[in-house]
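Student: Numbering (full-length UniProt numbering), first residue to last: 1 to 156.
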Amino acid sequence: MIATLAADFAAALPDGGRLIGLDVGTKTIGTALCDAGWSFASAAPLIRRTKFTADKAALADLIVKQSVKGIVIGLPLNMDGTDSPRTQSTRAFARNLIDMGLPILLWDERWSTVAVERLMIEQDLSRAKRAERVDSLAAAHILQAAIDALANVPQA
């Protein structure tokens with residue numbers, strides 16, 4: 001199941017559980033994890049993209065090791081909210097994960113990388129360190145925004 005609304009995703013996970021956030025790029029997949037109570041997200045290992053089967057296997061390994069119950073994928077919409085080729089690629093990536101049997105939430109990621117970049121610049125991180133960390137921190141930013149929205153979903 002692929003959802004675009006927090007309420008639909010929450011309904012698929014009535015008992016909560018740990019979530020993984022993904023920032024899917026062409027060269028890397030930034031990952032982040034949150035606690036089972038959906039309170040806080042933190043950066044997790046970066047997956048360097050190779051072939052999709054290897055990428056999916058690395059992701060599946062992380063999901064099993066961390067007892068993940070749901071997937072939040074950043075959706076790179078244009079600033080006006082429309083789809084771009086990258087958005088379509090991300091939707092295809094999500095469809096290719098359906099067979100993992102976990103609910104998937106596509107979450108608007110506009111400004112996530114910019115916000116993370118600004119934070120790292122404020123912390124005076126070098127350009128090299130920023131490049132190394134930006135994707136996983138963007139995934140954490142995306143996941144945190146999603147779990148903040150999930151916390152506001154009325155309980156049935």
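Think of the CB as a built atom: it goes at the ideal place given N, C-alpha and C, for glycine as much as any other residue.
#1: Considering only DSSP beta bridges, list what leucine 143 is partnered with.
#2: When the Cα atoms are used, what is the spatial distance from leucine 137 to alanine 7?
#3: Flag this pair as yes or no: are the beta carbons of glycine 21 and alanine 10 separated by less than 7 Å?
#4: Please return the same chain residues whose Cβ sits closer than 8 Å to the Cβ of proline 45, not counting the five positions on each side in sequence.
#5: Pick out whichever of Ala43, Ala149, Asp99, Thr50 has its Cα sitting closest to the Cα of methionine 1.
#6: Note down the Cα distance separating valine 64 from glycine 25, rounded to an integer number of angstroms.
Tutor: This is what the structure holds:
#1: Residue numbering aside, residue 143 sits at position 143 when the sequence shown is read from its first letter. BP columns for leucine 143 are empty, so no partner.
#2: Taking the sequence shown and counting its residues from 1, the one referred to as residue 137 is at position 137. Taking the sequence shown and counting its residues from 1, the one referred to as residue 7 is at position 7. Taking the straight line joining both Cα atoms gives about 25 Å.
#3: For this step, residue 21 is matched to residue 21 along the sequence shown. For this step, residue 10 is matched to residue 10 along the sequence shown. For glycine 21 and alanine 10, no; Cβs fall outside 7 Å.
#4: Position 45 of the sequence shown holds residue 45. For proline 45, same chain residues with a beta-carbon under 8 Å away, outside a window of 5 residues either side, are Thr31, Leu62, Ser136 in chain order.
#5: Here residue 1 corresponds to residue number 1 of the sequence shown, with the count starting at 1. Taking each of Ala43, Ala149, Asp99, Thr50 in turn and checking the Cα distance to methionine 1, the smallest one comes out for Asp99.
#6: One-based indexing of the sequence shown puts residue 64 at position 64. One-based indexing of the sequence shown puts residue 25 at position 25. Rounded to the nearest angstrom, the two C-alpha atoms are 22 Å apart.
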